[in-house]
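Chemist: My numbering puts the sequence shown at residues 7 to 184. For glycine and all other residues, C-beta sits at the position ideal for the given N, C-alpha and C. Since this is a predicted model, take the numbers as computed values, not measurements.
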Amino acid sequence: MSVELLQEKQKAKHTIQKVVEQSIKMPLVGYNREMVDTLHFFVYNTHNLFMYNFSTHSYRSYVVNIKIPANFMSVENEEGRIFLTGGGEPGKATKSCYEFIDERLEQRRDMIFERRAHTLTSVLAGRSRSRIYAIGSSLPSESMNKCEVYDVASDTWTQVASLNTRRNFHTTIAFDNQ
């Protein structure tokens, strides 16, 4: 590799790292900074979880203890903790909630509503309490507009205001922790 190419690669890496650090507007105490560079993905109808590391261009694979349902949703919170909820074939949605701990999916408190083809979005409430919003769903006869929020610390789900429009197979994001 030429010196110029190495310098460009280092410059790009430094720029990306700077952008990521400036984009994170939360305290990083206890935050798993390594997770900023990773992407997790479960493979439905298998027991497989993969984590790809963008910095090292490598991945790790795990065989988890449950079969991943179709139309599930997963999210990684600000601490690097991974949660998986709901899923199922049409007409068979679940309320299940799991957390990936020690290479296993550990059962957490069930959601209030059965969900499949929904979204999960993680935010920091008050910049310190991790909360996960479950939004929408695909039900046998129609989409759902109900929303609920999971308090990670207390392992509880609470219903919150519904959407104005029913949604499924949609996308949600948190902007400025809202």
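Helix, strand or coil: which one does DSSP assign to residue 49?
Modeler: Note: residue 49 maps to strand in three-state DSSP.
Chemist: Identify the continuous beta strand (DSSP E) that holds residue 79 and give its terminal residues.
Modeler: Looking at the DSSP string, the run of the beta strand (DSSP E) that includes residue 79 is 79-82.
Chemist: Would you report the Cα separation of residue 89 and residue 46, rounded to the nearest angstrom?
Modeler: Rounded to the nearest angstrom, the two C-alpha atoms are 11 angstroms apart.
Chemist: Give me the residue from 62, 60 and 148 with the minimum Cα distance to residue 96.
Modeler: The shortest C-alpha separation from residue 96 is found at 148.
Chemist: Using the Cβ count rule (16 or more neighbours within 10 Å means buried), how would you classify residue 30?
Modeler: In this predicted model, residue 30 has a pLDDT of only 47, less than 50, meaning its place in the structure is not dependable; the value taken from the coordinates is given anyway. Residue 30 is exposed by the Cβ-count criterion.
Chemist: Quick check on DSSP: helix, strand or coil for residue 43?
Modeler: Residue 43: helix per DSSP, three-state reduction.
Chemist: Let's see if you can read the secondary structure: which residues bound the beta strand (DSSP E) around residue 2?
Modeler: This structure does not reach residue 2, given that the chain is present from 7 up to 184, and the question cannot be answered.
Chemist: Please report how far the alpha carbon of residue 120 lies from the alpha carbon of residue 10, in whole angstroms.
Modeler: Approximately 55 angstroms between the Cα atoms of the pair.
Chemist: Quick one: Cα of residue 91 to Cα of residue 109, how far?
Modeler: The straight-line gap from Cα to Cα measures roughly 17 angstroms.
Chemist: Could you tell me the alpha carbon to alpha carbon distance between residue 160 and residue 154, rounded to whole angstroms?
Modeler: For residue 160 and residue 154, the distance between alpha carbons rounds to 15 angstroms.
Chemist: Quick check on the DSSP output: what are the complete beta strand (DSSP E) runs of length 3 or more inside the region 55-140, in order along the chain?
Modeler: DSSP runs (the beta strand (DSSP E)) wholly in the region 55-140: 64-69, 79-82, 88-91, 103-107, 110-113 and 125-131.
Chemist: Give me the residue from 61, 55, 78 and 173 with the minimum Cα distance to residue 16.
Modeler: Ranking 61, 55, 78 and 173 by Cα distance to residue 16 puts 61 first.
Chemist: For a test of the three-state rule: what should DSSP assign to residue 10, helix, strand or coil?
Modeler: DSSP places residue 10 in helix when its eight states are reduced to three.
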